[in-house]
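Q: Read in this note's numbering, the sequence shown has 584 at position 147, and its numbers run on one by one without any break.
I am attaching a structure below and will ask some questions about it afterwards.
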Amino acid sequence: MDFLPVFFDVKGQPCLVVGGGAVAGRKIRLLLEAGACVHVVAPQLADAVAKLLRNGEITHRAGVFDARDFGDHMLVFAATDDESTNALVSREAKARRLPINVVDAPALCSFVMPSIIDRSPVVVAVSSGGASPVLARLLRARLETLIPASYGRLAGLVREFRKTVQKKFATTDERRRFWERVLQGPIAEMMFAGQERAARTALEQTIASSTHTASAQGEVYLVGAGPGDPDLLTFRALRLLQQADVLVYDRLVSKQILDLARKDAERIYVGKQAADHVLPQEQINELLVRLAKEKKCVVRLKGGDPFVFGRGGEEIETLMQEGVTFQVVPGITAASGCAAYSGIPLTHRDFAQSVVFATGHLKDNSIDLNWRALIQPHQTIVFYMGLTGLKVICRELIKHGMSPQTPMGLIERGTTLDQKVYVGTLETMPGIYDNSNIKAPTLIIVGAVVNLHEKLKWFEPQQG
Ligand code: SAH
């Protein structure tokens, strides 16, 4: 190990920054965030630093560095654009055994600054020992995605209950096991979802009946898996996938996404195909309840967003009736995914000021929709599940007054490497459909915005 990582408590402590430019400004802000009293020595101050001075957040001596500036400072930073000044500050500070950091000059430093992931009171610091700040920053970005934004609040909750837990459990081992369970289970997830009160209650209950831990209750997460590209999962979806004991998924969820789950997680397919439901909805609802009652962590994965034509509402209704705790994690719905990846904005200042999502699912061979409400000037219509009923849709839109020349786009397997986009009009699309081999899942977009595809298309994996 080249450096010893330590965390300084600089609250209320005088710290010296030599330099008043933009680079110095970044160090100053960091010091202020940690509660330090910052004194700046520099002939001039950049605007942002001058503002801090005006606000009374820092003190300043205008002039070049002099060893007397060290005073009783606890830490020293040199961030001037003059190498000889930086070297001088370093030499003088080292002679006095004062911790010194010189920006971008590891050889002159007695300590280096890490890249920081701030989830106060939890702070993660990453350092490459000055070898490659870019590498440290990249690693930091990866860690940012792994550590939920509300990790700090979770730490706060632990701090609040630490004493109580200490009293309850006699040995360190028991306490460690207890916290491991809590911090990886539903109580932590409640905190991440902002359900702070519920988390506190659950934690109180768990402590009160230490044999009856919340993680032993089972829980269902209704998770939107997005339109196909695994990169479009949310951070929360990914984390829950990696925690799940059981995955309950349907046809739209891609294999690449399932592969992100724990290898030993049980996978249950309850896929749906129009008119060929593998498992009726009621049985899916019952299955979720049963698995949760078996104390499992269940992730119910749905294509797109669970609350957009996903029957997510029905599933949580049953869970609620049965007293099973659950959460809903939104996903990118097919309309957003397909629009973005086909270069067809759903709204546009010149062409569409509103957008409606409709189902094109056939019931008894007819689509029961309020066609007049759909056909509004400057409105984009998106049909989910519309492929089987494509001809009926085109016919009815024309019958109810839409111009046969209205542009229509079909996006097949949007956002995936198999994406295909077909553009036509209400009049020509039935013919295009008959002459191509278009398969589900396909999204239909109707309206003037479809014409923008030609200009704005950027994702064309088929041609690559
Ligand atoms: N809950 C999902 C929609 C389920 S309905 C969501 O929010 O996206 C299923 C319909 O969604 C399909 O018939 C198709 O019209 C559309 N769909 C889902 N994924 C798609 C994709 N990758 N490409 C095109 N259409 C898609």
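Built from N, CA and C at the ideal position, the CB exists for glycine as well.
Exposed or buried, what is Glu641 when buried is set at 16 or more other beta-carbons lying within 10 Å of its beta-carbon?
A: exposed
Q: Is Pro717 near Gly851, with beta carbons less than 9 Å apart?
A: no
Q: Confirm the yes/no value for this check: CB of Thr852, any heavy atom of the ligand SAH, distance under 8 Å.
A: yes
Q: Which parts of the stretch 615 to 651 are runs of the alpha helix (DSSP H), unbroken and 4 residues or longer, counting only runs that do not cross its ends?
A: 623 to 629, 633 to 645
Q: Roughly how many whole angstroms lie between the Cα atoms of Leu834 and Val735?
A: 42 Å
Q: Mark Thr762 as exposed unless 16 or more other C-beta atoms lie within 10 angstroms of its C-beta, in which case mark it buried.
A: Its Cβ being crowded by 16 or more others within 10 Å, Thr762 is buried.
Q: Taking Cβ to Cβ, would you say Leu940 is nearer than 9 Å to Leu684?
A: Residue 940 lies beyond the residue range present for the chain, which begins at 438 and ends at 901; the question has no answer from this structure.
Q: Tell me the DSSP secondary structure of Cys775 in three-state form.
A: helix
Q: For Thr755 and Phe744, what's the separation of their Cα atoms in angstroms?
A: 15 Å
Q: Check whether the stretch 774 to 789 touches the stretch 695 to 709, taking contact to mean three or more Cβ pairs, one atom from each stretch, closer than 8 Å.
A: no
Q: Any heavy atom of the ligand SAH closer than 8 Å to the Cβ of Ala908?
A: Only positions 438 to 901 of the chain appear in the structure, and residue 908 is not among them; the question remains open.
Q: On the DSSP bridge list, what partners appear for Cys546?
A: Under the DSSP definition of a beta bridge, Cys546 lacks any partner.
Q: Which of the three DSSP states, helix, strand or coil, is assigned to Asn538?
A: strand
Q: Can you look up Ala459 in the DSSP assignment and give me helix, strand or coil?
A: Residue state for Ala459 is assigned as helix, using DSSP reduced to three classes.
Q: For Leu827, does the count of other Cβ atoms within 10 angstroms reach 16, so buried, or fall short, so exposed?
A: buried
Q: Look at the alpha carbon of Arg491 and the alpha carbon of Gly458, and state the distance between them as a whole number of angstroms.
A: 16 Å
Q: What is the rounded straight-line gap between the Cα of Ala674 and the Cα of Leu576?
A: 21 Å
Q: When you compare the CB positions of Val454 and Val478, do they come within less than 9 Å of one another, or not?
A: Contact: yes.
Q: What number of angstroms, rounded off, separates the C-alpha of Ala681 from the C-alpha of Arg699?
A: In this structure, the straight-line span from the alpha carbon of Ala681 to that of Arg699 is close to 7 Å.
Q: Closer than 8 Å to a non-hydrogen atom of the ligand SAH - does that hold for the CB of Lys739?
A: yes
Q: Measure the CB-CB distance between Gln816 and Leu659 and report whether it falls below 9 Å.
A: The answer is no: Cβ separation not under 9 Å.
Q: Tell me, please, which residues DSSP counts as bridged to Lys857.
A: Glu849
Q: Report the three-state DSSP secondary structure of Thr865 (helix, strand or coil).
A: coil
Q: Quick test of your reading: Thr517 and Gly456, contact by CB under 8 Å. State the CB separation rounded to the nearest angstrom.
A: 4 Å
Q: From what residue to what residue does the alpha helix (DSSP H) around Gln450 run?
A: First-last for Gln450: undefined, no H or E at that position.
Q: Among Gly661, Gly589, Ile644, Arg613, whose alpha-carbon lies nearest the alpha-carbon of Met628?
A: Gly589
Q: Quick check on Gly747: buried or exposed, where buried means 16 or more other Cβ atoms within 10 Å of its Cβ?
A: buried
Q: Assign Asn722 to one of two classes, buried (16 or more other C-beta atoms within 10 Å of its C-beta) or exposed (fewer than that).
A: Its Cβ being crowded by 16 or more others within 10 Å, Asn722 is buried.
Q: Given this structure, state the Cα-to-Cα distance separating Val486 from Ala877, to the nearest angstrom.
A: 58 Å
Q: Are the stretch 544 to 564 and the stretch 591 to 600 touching, with three or more C-beta to C-beta distances below 8 Å?
A: yes
Q: Taking all protein chains shown into account, do 16 or more other C-beta atoms lie within 10 angstroms of the C-beta of Gln679, making it buried, or fewer, making it exposed?
A: Around the Cβ of Gln679, a 10 Å sphere holds fewer than 16 other Cβ atoms; the residue is exposed.
Q: What are the complete beta strand (DSSP E) segments, minimum 3 residues, inside the stretch 708 to 746?
A: Entirely contained in the stretch 708 to 746, the beta strand (DSSP E) runs reaching 3 residues are, in chain order, 734 to 739.
Q: Of all the options Arg786, Met866, Thr879, Gln842, which has the alpha carbon lying nearest to the alpha carbon of Leu824?
A: Thr879
Q: With a threshold of 6 Å on Cβ separation, who are the neighbours of Glu849 within its own chain once the five nearest residues in sequence on each side are excluded?
A: Around Glu849: Lys857, Ile875, Thr879.
Q: Quick one: does the C-beta of Ala776 sit closer than 8 Å to a heavy atom of the ligand SAH?
A: Not so, every heavy atom of the ligand SAH lies at least 8 Å from the Cβ.
Q: Among Ser587, Gln621, Thr609, which one has its Cα closest to the Cα of Gln632?
A: Ser587
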